[in-house]
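Engineer: When we follow this note's numbering, the leftmost residue of the sequence shown carries the number 188, and every step to the right adds one. For every residue, glycine included, the Cβ atom is placed at its ideal position computed from N, Cα and C.
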Amino acid sequence: MANIGIFYASAGGTTKIITDALVEAFDIDEDSVIFMEDDYDDVEQFDDFDVLLIGSSTWGQGDTHFEWVDPMLEIEEDADFSSKKVAFFGAGDCRKHGEHFCSALGKLYNVFTKAGATPIGFVPKEDYIYEYSLAEIDGKLCGLGIDEHNESDKTQTRVEKWIEQLKKELGE
Ligand SMILES: Cc1cc2nc3c(=O)[nH]c(=O)nc-3n(C[C@H](O)[C@H](O)[C@H](O)COP(=O)(O)O)c2cc1C
């Protein structure tokens, strides 16, 4: 089984809904769950894992959670993730912030893929209603977005489907 690490940031706990489901589904050890605010020290922490599950809610005008700002700069400066697979997840609000729905996933996608990581876990955009998102790449969303403000009834199914998809893509 691949060595999986979760790195996530969440202000109000919504993104943690996905984190908790991933931890259970992939039986991930607590040392392999890095809450960016408390547990992240430096970019070398990514080296411990073959598969990175990267989470962030979206803030401002399509920004990542602020705890991702410095790590993203560190990755851009000095990281080689060419042997790693990466999947992105996070929470957003498709009505109030539909002009940048879950755009944080797209910003993270750019940084991690530029560092060489292979992205997995794309989802069909047809399951969502929004005006614009940086997470839309080649006609799909580059990761799992959930919206507990407007579409909480869809969260459980979205998360379960995504986990099944990741298991297939990881060959587990
Ligand atoms: C000031 C502010 C800006 C926001 N900007 C965005 C945005 O650009 N795109 C988006 O999808 N959601 C946006 N949101 C919604 C949050 O991402 C949403 O509330 C999410 O559930 C927070 O997840 P968390 O609890 O994991 O931090 C914004 C919320 C606030 C309060």
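Of all the alpha helix (DSSP H) runs that stay within the bounds of the stretch 205-232, which reach a length of 4 or more residues?
Structural biologist: 223-226
Engineer: Measuring straight from C-alpha to C-alpha, what distance separates V220 and P258?
Structural biologist: For the purposes of this step, residue 220 is identified with residue 33 of the sequence shown, where counting begins at 1. For the purposes of this step, residue 258 is identified with residue 71 of the sequence shown, where counting begins at 1. Straight-line Cα distance between these residues: approximately 16 Å.
Engineer: Measuring straight from C-alpha to C-alpha, what distance separates E211 and L353?
Structural biologist: In the sequence shown, residue 211 corresponds to position 24, counting from 1. In the sequence shown, residue 353 corresponds to position 166, counting from 1. Spanning the two alpha carbons is a distance of roughly 14 Å.
Engineer: Below 7 Å, is the gap between the Cβ of E335 and the nearest heavy atom of ligand 1?
Structural biologist: For this step, residue 335 is matched to residue 148 along the sequence shown. E335 Cβ: within cutoff of ligand 1.
Engineer: Who are the near neighbours of E261 in its chain, counting only those whose CB is closer than 6 Å to its CB and skipping five residues on each side?
Structural biologist: Within the sequence shown, residue 261 is the residue found at index 74, counting from 1. Cβ within range, chain order: V230.
Engineer: Examine ligand 1 and report whether any of its heavy atoms sits within less than 7 Å of the Cβ of S339.
Structural biologist: For the purposes of this step, residue 339 is taken as residue 152 along the sequence shown, with counting starting at 1. Outside the cutoff, so no.
Engineer: Within a Cβ cutoff of 7 Å, which residues of the same chain sit near T300, ignoring the five residues on either side of it in sequence?
Structural biologist: In the sequence shown, residue 300 corresponds to position 113, counting from 1. Cβ within range, chain order: P306.
Engineer: For a test of your reading of the model: does the CB of F288 fall under 7 Å from any non-hydrogen atom of ligand 1? Yes or no.
Structural biologist: Within the sequence shown, residue 288 is the residue found at index 101, counting from 1. F288 Cβ: within cutoff of ligand 1.
Engineer: Using only the heavy atoms of ligand 3, determine whether one of them is closer than 7 Å to the beta carbon of T201.
Structural biologist: Annotation note on ligand 3: not contained in the displayed structure, which lists ligand 1 as its ligands.
Engineer: Do you know offhand how far F233's Cα is from G192's?
Structural biologist: The residue you call residue 233 lines up with position 46 of the sequence shown. The residue you call residue 192 lines up with position 5 of the sequence shown. Looking at the two C-alpha atoms, the distance is approximately 8 Å.
Engineer: Please report the distance separating the alpha-carbon of D340 from that of F253.
Structural biologist: Within the sequence shown, the letter at position 153 stands for residue 340. Within the sequence shown, the letter at position 66 stands for residue 253. D340 and F253: Cα-Cα distance of roughly 28 Å.
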